[in-house]
Structures are given as structure tokens and as C-alpha cells.
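Report on one structure; see the data block that follows.
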Amino acid sequence: MDIELWKNSVLEFVQAHQAYAPFVLALMTFGESLAFVSLLLPTMTILIAVGFVLAAADIPFWQAWAGAVVGAFLGNWVSYAIGKRYKKAAYGVWPLSRNPKLIVRGEDFFQRFGPWAVFLGRFFGPIRAVIALIAGIFLMPGVLFQAANLASASVWAFVILAPGAGLAEYLLW
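Each residue of the sequence shown is one higher than the one before, counting from 4 in my numbering.
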């Protein structure tokens with residue numbers, strides 16, 4: 004298949020459905036931030052590439068960013084709630100039950116950095132999948148968790164979308 008044809012097809016599709024861009028990004032970042040699911044959906048590379056497509060399709064950056072923030076925030080919030088409700092029994096659910104080293108790394112990270120672990124953990128691949136869950140298990144106060152969650156979701160969404168959105172006009176179009 005011709006790359007130019009593929010690129011134009013994707014752009015036309017995104018432009019025709021640009022009103023859904025924030026919603027689609029929210030779903031993607033929700034999955035990327037939700038315990039269990041994020042281990043199965045490696046969407047980071049896709050999210051970075053999405054920044055290029057959004058810029059090429061003339062979708063306002065702030066709309067895409069807001070959708071990504073909402074999804075990331077809600078994904079961590081649900082993970083936190085699961086950890087708070089089910090405690091360490093959540094570790095027995097697949098795929099975490101097959102990754103005990105990930106659990107140990109996440110617990111060590113949380114013990115070392117405390118509330119900052121929620122903020123920092125979002126930027127470290129596999130730890131992102133469990134840090135909110137562990138915060139809930141260790142009964143981190145809800146207000147403190149949500150403050151770190153919102154701050155990290157806001158910065159993380161910018162970091163994953165901005166490079167593509169900012170460089171798209173110089174590199175591709």
C-alpha cells in the first residue's frame with residue numbers, strides 16, 4: 004500500500020470525525036492508566052503518534068490534551084478505588100498474578116516516594132499499571148491521591164501529545 008495514500012486516508016478520517024478526538028483519546032489514556040488493562044494495551048507509542056495526526060488534522064491541541072487528561076485521571080482513580088476496596092486480593096487477578104516482580108517494584112517505589120510515587124509513577128511504563136492500585140491498597144488519603152493524580156495526568160498528557168503536535172508541521176506536512 005502506498006504510504007501517501009495511507010496517510011491521506013487516516014487524515015481524512017480523523018478530520019471527518021474530529022469531534023470525537025477528545026473522547027477517543029480519553030478512552031485510550033483511560034486504558035493506559037487502568038490497572039490490569041494497561042499491561043495488555045501498550046498504547047504509549049500510539050499516543051505519541053496521535054499527536055502528529057491531531058496536528059495534521061487541525062484539531063486544537065487543548066481539546067486533545069483535555070481528553071487525554073480526563074481518561075488518564077479516571078483510569079488511575081478507578082485503579083485506586085479497586086486497590087482500596089479489594090486490598091491485596093487484587094494482586095491475585097491476572098495479569099498481575101503472573102507478574103509478582105511488578106508488584107514488588109511498585110510497592111518498593113510507593114514506599115520510597117510516598118505521595119510523589121503517584122505523580123512519578125505515571126511516567127514509568129510498567130509501574131504506571133500498578134501504582135494507583137498500590138496507593139489504594141496502602142490507603143493513601145483520597146485528597147492527596149487525587150491531587151497527585153490530576154497533576155500527573157495533566158503533565159503526562161502534555162508530554163505524550165506535545166512532541167508530535169509541535170513537530171508535525173516541521174517533519175511531515
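The beta carbon of each residue, even a glycine, is placed where N, CA and C say it ideally should be.
If contacts are defined as beta-carbon pairs under 8 Å, then residue i and residue j qualify, I think. What distance do you get, rounded to the angstrom?
i	j	result
Leu-50	Glu-35	7 Å
Leu-164	Phe-64	7 Å
Ala-138	Phe-122	That belief does not hold up - the Cβ atoms of Ala-138 and Phe-122 are roughly 11 Å apart, past 8 Å.
Gly-74	Thr-32	3 Å
Phe-55	Gly-167	4 Å
Going by C-alpha to C-alpha distance, which of the options sits closest to residue i?
i	options	result
Ile-85	Ala-154, Ala-24, Leu-136, Val-53	Leu-136
Trp-80	Trp-68, Asn-102, Ala-156, Met-31	Ala-156
Gln-18	Val-53, Phe-127, Trp-119, Pro-166	Val-53
Trp-159	Val-72, Tyr-23, Leu-30	Val-72
Pro-25	Ala-67, Phe-55, Thr-46, Met-31	Ala-67
Tyr-89	Leu-142, Val-27, Ala-120	Leu-142
Ala-59	Thr-46, Phe-113, Phe-16, Phe-76	Phe-16
Leu-105	Gly-128, Phe-161, Tyr-83	Gly-128
Considering only the beta carbon of each residue, do residue i and residue j sit closer than 8 Å?
i	j	result
Leu-37	Gly-78	yes
Gly-117	Ile-130	no
Gly-70	Ala-29	yes
Ala-120	Phe-113	yes
Gly-124	Ile-134	yes
For the alpha helix (DSSP H) that residue i lies in, which residues bound it at each end?
i	result
Tyr-83	64-89
Arg-108	103-116
### Task
Quick one: which unbroken alpha helix (DSSP H) runs of 4-plus residues sit fully inside the segment 120-154? Chain order, please.
128-131, 134-140
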